[in-house]
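The structure appears right after this line, and notes come after that.
There are 2 protein chains.
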Amino acid sequence: VSLDSVDTPALLVDDSRLDRNIRLMAQLCQQHGRKLRPHIKTHKTLEIARRQRDSGAVGLTVAKLGEAEVYAAAGFDDLLVCYPIVGPLKLARLAALARRVTVSTVVDDAGAARELSAAMTAAGVRLDVLLKLDVGMHRVGVAAGEVEPLAAAVAALPGLRLRGVCIHEGSVYGEPDPARRRAVGRDQVQQLVATAERLRDRGLPIDVVSCGSTPSLADVIDIDGLTEVRPGNYVFYDAMQVALGVVEAERCALSVLTTVVSRGGADHAIVDAGAKTLSLDRGAHGLGLLADYGRIVGRDDVKLASLSEEHGWLKLSKEASLSVGERLRVLPNHACAVVNNVDKMTVVRDSEPVGEWDIAARGQVT
Amino acid sequence: VSLDSVDTPALLVDDSRLDRNIRLMAQLCQQHGRKLRPHIKTHKTLEIARRQRDSGAVGLTVAKLGEAEVYAAAGFDDLLVCYPIVGPLKLARLAALARRVTVSTVVDDAGAARELSAAMTAAGVRLDVLLKLDVGMHRVGVAAGEVEPLAAAVAALPGLRLRGVCIHEGSVYGEPDPARRRAVGRDQVQQLVATAERLRDRGLPIDVVSCGSTPSLADVIDIDGLTEVRPGNYVFYDAMQVALGVVEAERCALSVLTTVVSRGGADHAIVDAGAKTLSLDRGAHGLGLLADYGRIVGRDDVKLASLSEEHGWLKLSKEASLSVGERLRVLPNHACAVVNNVDKMTVVRDSEPVGEWDIAARGQVT
Chain A
10 VSLDSVDTPA LLVDDSRLDR NIRLMAQLCQ QHGRKLRPHI KTHKTLEIAR RQRDSGAVGL
70 TVAKLGEAEV YAAAGFDDLL VCYPIVGPLK LARLAALARR VTVSTVVDDA GAARELSAAM
130 TAAGVRLDVL LKLDVGMHRV GVAAGEVEPL AAAVAALPGL RLRGVCIHEG SVYGEPDPAR
190 RRAVGRDQVQ QLVATAERLR DRGLPIDVVS CGSTPSLADV IDIDGLTEVR PGNYVFYDAM
250 QVALGVVEAE RCALSVLTTV VSRGGADHAI VDAGAKTLSL DRGAHGLGLL ADYGRIVGRD
310 DVKLASLSEE HGWLKLSKEA SLSVGERLRV LPNHACAVVN NVDKMTVVRD SEPVGEWDIA
370 ARGQVT
Chain B
10 VSLDSVDTPA LLVDDSRLDR NIRLMAQLCQ QHGRKLRPHI KTHKTLEIAR RQRDSGAVGL
70 TVAKLGEAEV YAAAGFDDLL VCYPIVGPLK LARLAALARR VTVSTVVDDA GAARELSAAM
130 TAAGVRLDVL LKLDVGMHRV GVAAGEVEPL AAAVAALPGL RLRGVCIHEG SVYGEPDPAR
190 RRAVGRDQVQ QLVATAERLR DRGLPIDVVS CGSTPSLADV IDIDGLTEVR PGNYVFYDAM
250 QVALGVVEAE RCALSVLTTV VSRGGADHAI VDAGAKTLSL DRGAHGLGLL ADYGRIVGRD
310 DVKLASLSEE HGWLKLSKEA SLSVGERLRV LPNHACAVVN NVDKMTVVRD SEPVGEWDIA
370 ARGQVT
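Structure (structure tokens):
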């Protein structure tokens, strides 16, 4: 069986690269004595999560309750919903989930914490919570000046058990210079650790000190006081990570197989992977890090310069030759975004398809 | 039942606006004696396609064979796969489909046409084909100078029946000025019609003269010689169409219900709809028409300024007040892209949810 049996566009996962990425991250965490709680947002499959668990992950991180429900149903029993849970519908779902598996979540707001407390108390459960801190990204998270009163308030609320503090040091995606990125990542994690110390000094029980972001991971993992990391992207990596210098392209485990469907004169060609497969991401968090919409593997003479919904527009250099029917592989800019678009990925070993994985938690938007 | 029963983020379809959009387009086509073959890429549901059929659509347009297979299985029996079909896997699927329903496709390349011919001949079917023309968008489509030899070649191929010519006048998405957009749309459709005439003069059977693009539709529908239109977006419209001046925001039938999950000081707030729901589209075909990532309905004091995967970053004006738990509705930039991200949409009538539609053809990437 060859890849000719796989229709395009198709997501291909290189099985040995995937395994290596999972193993190296697990080893790095073990060497530094950090717990690894990978974020499943990148792959949304059960199979890859099982490999992460088998290699030593203590549990999983998810963004959406629906994702937690899918993983809980599949036997994953330690889940951090690293997203503020707001509103009666979600609070009821979270309480139901907390009765079945070990689930924890984050808070960054006193009012939301009180509602969480009331819902858990009414359901007769006690939920572990982390304070989500804003250490520079200015997305979710409590600002530095408000951490201590919020921590004290959460610690006093019934139905909740304050366990620790966490950040997403996603600002590092905006720092292509490695030295500067390292400085930003370390500064943010040092703020995290310092906050944990300050809360402990106040007598609050801060056991979990957790950060998470693939590009910063190697830069920050040695920082004393960090207990847990939550990278997601590292299972696949992607053109964004390559552009940031986090890994070489040869480490990237996800690619998109695509077919040339039209030749439009000497300067361009069209492939059957467009924005509805590849996404329009050119950087995390809306950053425009990358000029193109993916890298054509092994073809420096061809650029993926623009995407319509179902068309990829290839700009050809003068020497480039491409025919209708020819297949190319695209290293996507942002693996997490590509996985969100499709239902399946094909597992490839030595250039042969050896299986297909459902993207089981795709579409769990709530 | 109120919208409080719908968890967020959620796609809401305003039932009466949807019906009105479908009805007005059907009437416009009828008035001008044009056949309407709507593109389902925008909604990917069976329910909306049934309404389009019931209001007089002669058939459907799809981009992907997998979409055609879904619609064929649901009883839609006249389908144009308006995308070059390339490669043995797709040719076999197309032949199988052509045995069950009336299916047609497009060609823009002599080699691809020969392979299509061979596959259809081997399968014992005769397939209607349209020549796809490039009249200015430079995506797929045969260039003006090559139309006649390609048409003659296709007309002579066994297993194929040349039926007409078609374009997607998508360049109009790059023309925010209405007069200029009208000129571009009319020019492209006039090229289409002129090409049809030229081919007829050569004795070729050109019955179908088909264009398709929502923003140009009203500008071009009166052009003599046009027989069919294939708009897609008009069932919902979106912020892009509003920005182009095609419709008022009050015509838009799709919105995304979202919840404020975090307040980050006075200047921003975070909602639970990010790029994995709203997409990063700021214009069709990769154009950056819009500054923001969606419009907050009824809230001029709040801008959706940035998206992470699962976070929408709202920039608040000085007077704006927003609380955690508050719900907002987003008019998405690009309805077609949003629908591609989720599995269901909630049907709303008089602000009450009255049903839920599966996005049945979502994920049919091949």
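Residue numbers (the numbering used here), protein chains in the order written: chain A, 10 to 375; chain B, 10 to 375.
From the three backbone atoms N, C-alpha and C, an ideal C-beta is built for every residue, glycine too.
Predicted model, so just to flag it, every value in this text is computed and none were measured.
- It is roughly 17 Å from the alpha-carbon of A:Val112 to the alpha-carbon of A:Ala164.
- Here A:Val357 is bridged, per DSSP, to A:Asp23, A:Pro362.
- For B:Asn349, at least one C-beta of chain A is nearer than 8 Å to its own C-beta.
- Any Cβ of chain A closer than 8 Å to the Cβ of B:Leu340 would place that residue at the interface, and such an atom is absent.
- Bounds of any alpha helix (DSSP H) do not take in A:Arg135, whose DSSP letter is neither H nor E.
- Chain B has no Cβ within less than 8 Å of the Cβ of A:Val356.
- In this structure, A:Leu125 lies away from A:Val134, with their beta-carbon atoms at least 8 Å apart.
- In terms of beta-carbon proximity, B:Val112 stays away from the interface with chain A, with every pair separated by 8 Å or more.
- Under the three-pair Cβ rule at 8 Å, the stretch 348 to 365 of chain B counts as touching the stretch 14 to 30 of chain B.
- In this structure, DSSP gives A:Leu169 an extended state, which the three-state scheme calls strand.
- The closest CA to that of A:Asp186, considering only A:Gly254, A:Ala344, A:Gly68, A:Thr375, is found on A:Gly254.
- Using a Cβ-Cβ cut-off of 7 Å, A:Gly307 is close to nothing in chain B; its nearest Cβ partner there is about 20 Å away.
- In the structure shown, B:Ile31 adopts helical secondary structure according to DSSP, grouped into three states.
- When beta bridges are read from the DSSP output, A:Ile279 appears opposite A:Ser271, A:Trp322.
- In terms of beta-carbon proximity, A:Cys220 stays away from the interface with chain B, with every pair separated by 8 Å or more.
- Annotated as proximal: A:Leu142 and A:Thr204, with beta-carbon spacing under 8 Å.
- Residues of chain B with a Cβ closer than 7 Å to the Cβ of A:Leu98 are, in chain order, Asp16.
- Counted as a single uninterrupted DSSP element, the stretch harbouring A:Leu89 is not any alpha helix (DSSP H) but the beta strand (DSSP E) occupying residues 87 to 93.
- The beta carbon of A:Leu55 sits closer than 6 Å to the beta carbons of Ala83, Ala369 from its chain, once the five residues preceding and following it are set aside; these are given in chain order.
- Taking a Cβ-Cβ threshold of 7 Å, the residues of chain A close to B:Cys345 are Glu318, in chain order.
- For chain B, none of the residues of the stretch 230 to 245 of chain A brings a beta carbon within less than 8 Å of one of its beta carbons.
- Closest by C-alpha distance to A:Asn242, out of A:Ile57, A:Gly42, A:Val15, A:Ser14, is A:Ile57.
- Interface residue (Cβ-Cβ distance to chain A less than 8 Å): B:His48 is not classified as such.
- B:Asp233 and B:Ala344 do not touch by the CB rule: their CB atoms are close to 31 Å apart, not below 8 Å.
- The DSSP-derived three-state label of A:Glu78 is helix.
- Membership of B:Cys220 in the beta strand (DSSP E) is indicated by the continuous run 217 to 220.
- Its chain contains Pro97, Leu100, Ala101, Leu103, Ala104, Gly168 as the residues whose beta carbon lies nearer than 8 Å to that of B:Ala128, once the 5 sequence neighbours on both sides are disregarded; these appear in chain order.
- Within chain A, the residues Gly273, Gly274, Asp276, His277, Trp322 have their CB atoms less than 9 Å from the CB of B:His147, given in chain order.
- The C-alpha of A:Glu319 lies about 14 Å from the C-alpha of B:Thr70.
- Contact between the stretch 36 to 56 of chain A and the stretch 285 to 304 of chain A is absent: fewer than three C-beta pairs spanning the two stretches fall below 8 Å.
- Among the residues of chain B, those whose CB is under 8 Å from the CB of A:Asp290 are Ala284, Leu289, following chain order.
- Boundaries of the beta strand (DSSP E) around A:Thr70: 69 to 71.
- With respect to the 8 Å criterion, A:His41 and B:Ser317 are not classified as neighbours on the basis of their beta carbons.
- In the three-state reduction of the DSSP assignment, B:Ala314 falls in the strand class, which pools E and B.
- Contact between the stretch 181 to 196 of chain B and the stretch 222 to 231 of chain B is established, with three or more Cβ pairs separated by less than 8 Å.
- Distance from the CA of A:Leu340 to the CA of B:Tyr92, rounded to the nearest whole angstrom, comes to 24 Å.
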